[in-house]
Amino acid sequence: MTAPLASASGPAAAAAPATLPLLARPAREEFDAVSGSGAYMLLTQFGVIDANGDDAASFLHGQLTNDTQHLDAASARLSGYCSPKGRLLASFLSWRSGETIRLLLSKDVQAAVQKRLSMFVLRAKAKLTDASSELAVVGLAGDVRKALSGVFDALPDGVHVKVDAPAGSLIRVPDALGKLRYLWIGPKAEVEARLPQLDGKLARVSAAVWDWLDIRAGEPRITQPVVEQFVPQMVNFDVLGGVNFRKGCYPGQEVVARSQYRGTIKRRASLANVAGELDTVKAGAELFHSDDPGQPCGMVVNAASAPEGGVDVLVEVKLAALTSGSIHLGAADGPALTFLPLPYALPAEV
């Protein structure tokens, strides 16, 4: 039997902020740096959970939506953690660092997720620890390969390929707007000692630029406002490789499998822009269709300031609502969403 993830008022939430700090809109030149000389950013919006012990891989394999039992040293994988009802409690990028399995997730859900996972370790030889204070997380985007070659002897040659060095792990993540992107996660002292090698070659920009790039890559991130709102397919996790449908059981697996094989998936994630700022356009905000103002047709998953103005959003929405009329933020007479093409194709729902 599994227990619900603590809410913002629960004991686990008391160990971490209920919401992430609101990041100011980046200056236009910060966005432009990604398309120009390249940019890097310190990603304080993420936390890291380390899993150690002889049974760490098998334990996580039985809890997450993807295969951790066969996670090799040169790869990273997306995965999710679901409630018994198949609703996402967290989303992760997972990889091996030596004998440790690392889970990168939104910092505002880390304490609650780590506590919940630890409840089910039981007799397994596995221990979960918060490694966030020991590690630095750096995002790099654009023409950054030459700058990175001064830190790493080799660079990942494909998406979710990983290389290791004394400075930590370098993982290539999906491109955004045709620009290369990497995550560099390593011991704080090692990273801080090498960051000056990037200065002068790359622009240092706000972490908010990374949030925008993640949205333009179509990659959802589960944060506190949307905990337990979505089955993985609703946010395209199946398309992005975040669910392994051949692995054994995990919490919510029956619901996730039933959604995949026994019925039409009627809700998906889409990319859009909407007028406003992040103080009003937020994760968890409801969407309404012009023809059905009485009930919501979707929800904002992630939001980030956009360089051309307004806010770019990744939204979960009823597919039927996209066929006619218009979709609005907050109410049927609220700001209208302008939909943009996702950078990947969705399967045809029949």
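All letters in the sequence shown, in the order written, are residues 155 to 504 by the numbering used here. Each residue gets a CB set at the ideal place from its N, CA and C atoms; glycine is no exception. Everything numeric in this text was worked out from a predicted model, so none of it was measured.
Sequence-distant residues of the same chain with beta carbon closer than 6 Å to residue i, five excluded per side
| i | result |
| --- | --- |
| D221 | N398, K401 |
| L496 | G372, L425 |
| A285 | V202, D204 |
| L257 | I203, F246, S248 |
As assigned by DSSP and simplified to three states, the class of residue i
| i | result |
| --- | --- |
| F493 | strand |
| Q387 | helix |
| E431 | coil |
| V393 | coil |
| V292 | strand |
| I376 | coil |
| Y194 | strand |
| R256 | strand |
| I369 | helix |
| R277 | coil |
| E440 | strand |
| L282 | strand |
| R182 | helix |
| E408 | helix |
| R421 | strand |
Nonlocal neighbours in the same chain, by C-beta distance under 7 Å from residue i, ignoring five residues either side
| i | result |
| --- | --- |
| P461 | R182, F185 |
| A308 | V317 |
| G464 | N427, V428, A429, G430 |
Selected residue, minimal CA-CA separation from residue i, among the options
| i | options | result |
| --- | --- | --- |
| K472 | G448, F442, L243 | F442 |
| V267 | V393, G322, S237 | S237 |
| P379 | G201, I203, A244, T418 | A244 |
| G448 | A486, S260, R299 | A486 |
| D226 | D208, D466, S251 | S251 |
| A347 | G322, I369, R370 | G322 |
| S480 | Y498, P405, P450, S233 | P450 |
| P350 | G304, G312, V385, A319 | G304 |
| D466 | D445, G190, K436, T477 | K436 |
Same chain only: Cβ atoms within 8 Å of residue i, ignoring 5 sequence neighbours per side
| i | result |
| --- | --- |
| L367 | V188, G293, A295, A330, L331, K333, R335 |
| L500 | N390, V393, R422 |
| P310 | K316, V317, L324, I325, R326, Y336 |
8 Å contact criterion, which residue i and residue j should meet: CB distance rounded
| i | j | result |
| --- | --- | --- |
| L289 | I255 | Not a contact, Cβ separation roughly 14 Å. |
| T173 | V263 | Not quite, the Cβ-Cβ distance comes to about 10 Å (not below 8 Å), so this is no contact. |
| S212 | Q199 | Not quite, the Cβ-Cβ distance comes to about 30 Å (not below 8 Å), so this is no contact. |
| A457 | L177 | Not a contact, Cβ separation roughly 11 Å. |
In the region 310-365, which residue ranges form an unbroken alpha helix (DSSP H) of at least 4 residues, counting only runs that do not cross its ends? 342-348
Could you tell me which uninterrupted beta strand (DSSP E) segments, each at least 3 residues in length, are contained entirely in the region 198-251, listed from first to last along the chain? If we require 3 residues or more, the beta strand (DSSP E) runs fully inside the region 198-251 come out as 200-206, 230-236, 242-251.
Complete runs of the alpha helix (DSSP H) confined to the region 438-491 [at least 4 residues]: none
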